[in-house]
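In our numbering, the protein residues as written are 41 to 295. Here a beta-carbon is modelled for each residue, glycine too, at the ideal position from N, C-alpha and C. A quick note: this is a predicted structure, and the numbers were derived from the prediction, not measured. Step one of this worksheet: look at the structure below.
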């Protein structure tokens with residue numbers, strides 16, 4: 041097989057394929073490279089069988105061609121197109137922390153950010169429908185299953201969406217390299233929206249205006265700014281750290 045089937049998308053890489061199976065996403069077929077075995081592929085076959093998903097053994101070269109030589113690790117799933125959530129669906133879960141990604145154009149950055157978001161418990165992410173990467177096979181590979189655990193909404197106007205979220209009681213925190221306040225000094229309230237700017241465009245003037253607070257991550261002069269996915273990880277883990285400290289303090293002082 042050299043081409044994906046019409047109406048399907050590719051998910052490839054061990055973690056991404058396994059999480060697609062576990063999440064209940066609609067899978068058409070799993071392709072496994074001939075000659076590969078071991079515990080992981082035994083587990084994968086059992087998971088696929090439990091969901092009645094056919095597994096087809098093919099030459100590794102076929103997977104190379106299908107993924108344009110992506111790092112598929114010997115397994116590729118043909119899945120239904122990613123089902124983006126609506127903003128209302130995300131808000132119905134009463135989230136305490138959301139991500140808004142302003143013009144992230146590199147799908148690998150998008151995937152890496154979603155992987156971190158899933159790890160720290162972010163309930164939803166918002167991306168623009170134009171001038172930004174979508175959840176392509178490359179993004180899903182980088183997410184390593186994270187996209188199956190974080191609802192992602194696409195919106196036509198990110199600034200308007202942030203304004204609406206503020207009306208719903210959210211604080212909007214934007215990351216910017218030259219912000220006057222550092223992440224360590226900043227204080228915020230929840231529910232919270234964390235806005236990460238694009239690799240080249242940053243937040244952009246219109247999105248920046250909607251931020252209640254702009255923060256920078258302290259760095260040395262040798263490396264004044266961070267990759268978007270790294271910046272997102274630092275901020276999200278600081279939010280998680282503070283939340284866990286507050287929970288611990290509340291547990292230690294119940295009265």
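Neighbourhood of residue i by C-beta, 8 Å cutoff - its chain only, sequence neighbours within 5 removed
i	result
residue 170	196
residue 157	139, 165, 186, 190, 272, 276
residue 218	256
residue 83	58
Buried or exposed (CB count within 10 angstroms, at least 16 for buried), residue i
i	result
residue 112	buried
residue 105	exposed
residue 288	exposed
residue 114	buried
residue 214	buried
residue 259	exposed
residue 53	buried
residue 188	buried
residue 178	buried
residue 221	exposed
residue 79	exposed
residue 58	buried
residue 108	exposed
Residue of the options minimising C-alpha distance to residue i
i	options	result
residue 60	238, 190, 270	190
residue 90	99, 63, 110, 72	63
residue 149	252, 240, 246, 54	240
residue 194	175, 182, 184	175
residue 121	66, 55, 237, 201	66
residue 136	251, 249, 229, 266	229
residue 48	85, 123, 86	123
residue 168	132, 98, 199	199
residue 280	84, 163, 51	163
residue 119	50, 238, 110, 283	50
residue 99	227, 125, 76	76
residue 3	283, 216, 107	No statement about residue 3 is possible, as the shown extent of the chain runs from 41 to 295 and does not include it.
Own chain, CB closer than 7 Å to residue i, minus 5 neighbours either side, in chain order
i	result
residue 277	160
residue 152	182, 269
Spatial neighbours of residue i in its chain, beta-carbon cut-off 6 Å, leaving aside the 5 residues before and after
i	result
residue 88	70, 95
residue 233	138, 140, 205, 210, 212
residue 147	173, 176, 178, 179
residue 291	none
According to DSSP, residues forming a beta bridge with residue i
i	result
residue 96	71
residue 222	256
residue 194	167
residue 236	141
residue 214	235, 254
residue 117	51, 70
residue 125	193
Coil, strand or helix - residue i by DSSP
i	result
residue 49	strand
residue 244	coil
residue 173	coil
residue 266	coil
residue 76	coil
residue 112	coil
residue 41	Because residue 41 sits at a pLDDT of 49, beneath the cut-off of 50, its placement in the model cannot be relied upon, and the following sentence gives the value as read from the coordinates. Coil, per DSSP.
residue 229	coil
residue 208	coil
residue 57	helix
residue 134	coil
residue 158	helix
Closer than 6 Å: residue i CB and nearest the ligand MN heavy atom
i	result
residue 88	As far as ligands go, the structure on display features none, and thus does not contain the ligand MN.
Chain C within 7 Å of residue i, Cβ atoms only
i	result
residue 66	In summary, chain C is missing from the structure at hand, where a single protein chain is found.
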